[in-house]
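Worksheet: one structure, shown below.
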Amino acid sequence: KNQVEQSPQSLIILEGKNCTLQCNYTVSPFSNLRWYKQDTGRGPVSLTIMTFSENTKSNGRYTATLDADTKQSSLHITASQLSDSASYICVVSSGGDKLIFGTGTRLQVFP
Amino acid sequence: DTGVSQDPRHKITKRGQNVTFRCDPISEHNRLYWYRQTLGQGPEFLTYFQNEAQLEKSRLLSDRFSAERPKGSFSTLEIQRTEQGDSAMYLCASSFGQGEAGELFFGEGSRLTVL
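These protein sequences, in sequence, are chains A and B. Be aware that the first sequence starts at 61, since it is given in this note's numbering, and climbs by one per residue. Be aware that the second sequence starts at 0, since it is given in this note's numbering, and climbs by one per residue.
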């Protein structure tokens with residue numbers, strides 16, 4: 061069964077600290093992996109899209125890594141800000157229009 | 000604003016009533032998706048259009064749900080005889096692509112509360 065699992069389910073950090081969110085998937089075939097940020101009550105916003113051949117991709121303070129062999133991805137947030145408080149959703153594309161969503165990691169950044 | 004827009008943003012209705020949501024995608028996008036999201040969960044796929052053709056429907060989409068995209072532009076999602084379990088955020092997304100799903104751009108969602 062195609063699944064995307066994220067950990068931790070929730071995370072609390074202090075402003076300025078770094079954190080890493082994990083995504084493990086059992087999706088086959090694999091086409092690409094996406095990370096989205098979703099503020100409370102808003103729609104998700106794309107952070108990165110990574111294909112099979114990409115190991116790392118950055119978007120400002122966000123850096124995503126992908127290990128297609130172990131089927132793991134991580135999203136690293138550097139020097140967190142209050143505005144980083146949101147849910148981060150990992151999405152894996154199985155080719156065509158098949159997108160499998162994780163349940164997200166809820167990040168709270170406190171001053 | 001050239002993003003995906005959804006209307007209404009919030010809808011409160013009584014059980015048994017019909018509701019309709021509208022989604023206006025980014026103008027050049029040929030693909031349009033509907034998702035449902037409940038609290039603490041990721042979005043669940045409901046249905047997908049390429050231009051005006053509805054190419055896929057999830058098993059989550061019961062007979063009470065119907066979606067249209069009559070001219071390949073805006074789309075509507077109607078829920079008939081609403082039930083309390085229909086309470087959720089309904090998200091619309093659009094993308095441009097032929098084969099692989101391109102980058103999805105989501106709207107702000109329509110939150111439904113069924114009393």
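Glycine included, C-beta positions come from ideal geometry on N, C-alpha and C.
**Item:** Which listed residue (B/THR1, B/SER4, B/ASP62 and B/VAL18) has its alpha carbon closest to that of B/ALA87
**Value:** Here residue 87 of chain B refers to the residue found at position 88 when the second sequence is read from its first residue. Considering only alpha carbons, the answer is B/VAL18.
**Message:** Beta-carbon within less than 6 Å of B/PRO42's beta-carbon, same chain only, minus the 5 sequence neighbours each way: which residues are those?
**Reply:** For the purposes of this step, residue 42 of chain B is taken as the residue at position 43 of the second sequence. Within the same chain, B/PRO42 has close Cβ partners TYR34, GLN36 and LEU90.
**A/LEU142 versus B/SER109: straight-line alpha-carbon distance, rounded** = Here the question's residue 142 of chain A lines up with position 82 in the first sequence. Here the question's residue 109 of chain B lines up with position 110 in the second sequence. Cα to Cα, A/LEU142 sits roughly 26 Å from B/SER109.
**Request:** Evaluate the contact criterion for the segment 4 to 13 of chain B versus the segment 92 to 99 of chain A: three or more CB pairs, one atom per stretch, below 8 Å.
**Result:** no
**Request:** Can you give me the Cβ contacts of B/TYR47 inside the same chain, cut-off strictly under 6 Å, excluding the 5 residues immediately before and after it?
**Result:** If you number the second sequence from 1, residue 47 of chain B lands on position 48. Around B/TYR47: TYR32, LEU54 and GLU55.
**Message:** Quick check: what's the CA-CA separation for B/ASP62 versus B/LYS10?
**Reply:** As a working note, residue 62 of chain B is residue 63 in the second sequence. As a working note, residue 10 of chain B is residue 11 in the second sequence. If you take the alpha carbons of B/ASP62 and B/LYS10, they lie about 21 Å apart.
**Request:** Identify the contact partners of A/THR163 in chain B, using a Cβ-Cβ distance below 8 Å as the criterion.
**Result:** Here residue 163 of chain A corresponds to residue number 103 of the first sequence, with the count starting at 1. Near A/THR163 (Cβ distances below 8 Å), the residues of chain B are GLY39, GLN40 and GLY41.
**Asked** So the beta strand (DSSP E) A/LYS97 belongs to, where does it begin and stop?
**Response** Numbered from its first residue, the first sequence carries residue 97 of chain A at position 37. 92 to 98 is the span of the beta strand (DSSP E), which, as asked, contains A/LYS97.
**Asked** Who are the neighbours of A/GLY103 on chain B, taking C-beta pairs under 7 Å?
**Response** Sequence index remark: in the first sequence, residue 103 of chain A carries index 43 (1-based). The answer, in chain order, is LEU90, PHE105, GLY106, GLU107 and GLY108.
**Asked** Looking at the C-beta of B/PHE95, does it have a partner C-beta in chain A at a distance below 8 Å?
**Response** The residue labelled residue 95 of chain B in the question sits at position 96 within the second sequence. Closer than 8 Å: no.
**Message:** Any beta carbon from chain A within less than 8 Å of B/GLU27's own beta carbon?
**Reply:** Within the second sequence, the letter at position 28 stands for residue 27 of chain B. So, not an interface residue.
**Prompt:** If you scan the segment 15 to 68 of chain B from start to end, which runs of the alpha helix (DSSP H) of 4 or more residues do you find wholly inside it?
**Reply:** none
**Request:** List the residues of chain B whose Cβ lies closer than 7 Å to the Cβ of A/LEU167, in chain order.
**Result:** Residue numbering aside, residue 167 of chain A sits at position 107 when the first sequence is read from its first letter. Those within 7 Å of A/LEU167 in chain B number zero; the least Cβ separation is about 14 Å.
**Item:** Proximity winner among B/GLY39, B/PHE104 and B/ASN50, relative to B/PRO69 (alpha-carbon distances)
**Value:** Numbered from its first residue, the second sequence carries residue 69 of chain B at position 70. Measuring from the Cα of B/PRO69, the nearest candidate turns out to be B/ASN50.
**Request:** Under 6 Å Cβ to Cβ from A/GLN14, same chain only, skipping five residues before and after it: list those, please.
**Result:** Given that chain A is displayed from residue 61 to residue 171, the structure contains no residue 14 of chain A and the question cannot be resolved.
**Prompt:** At what residue ranges does the segment 105 to 146 of chain A contain a whole run of the alpha helix (DSSP H), taking only runs of 4 or more?
**Reply:** none
**Item:** CB contact check: A/LEU135 to chain B, cutoff 8 Å
**Value:** Translated into positions along the first sequence, residue 135 of chain A becomes position 75. So, not an interface residue.
**Request:** Check the DSSP bridge columns for B/THR112 and list the partner residues they point to.
**Result:** Here residue 112 of chain B is taken as the residue at index 113 of the second sequence, counted from 1. The partner list for B/THR112 (beta bridge, DSSP) reads B/ILE11.
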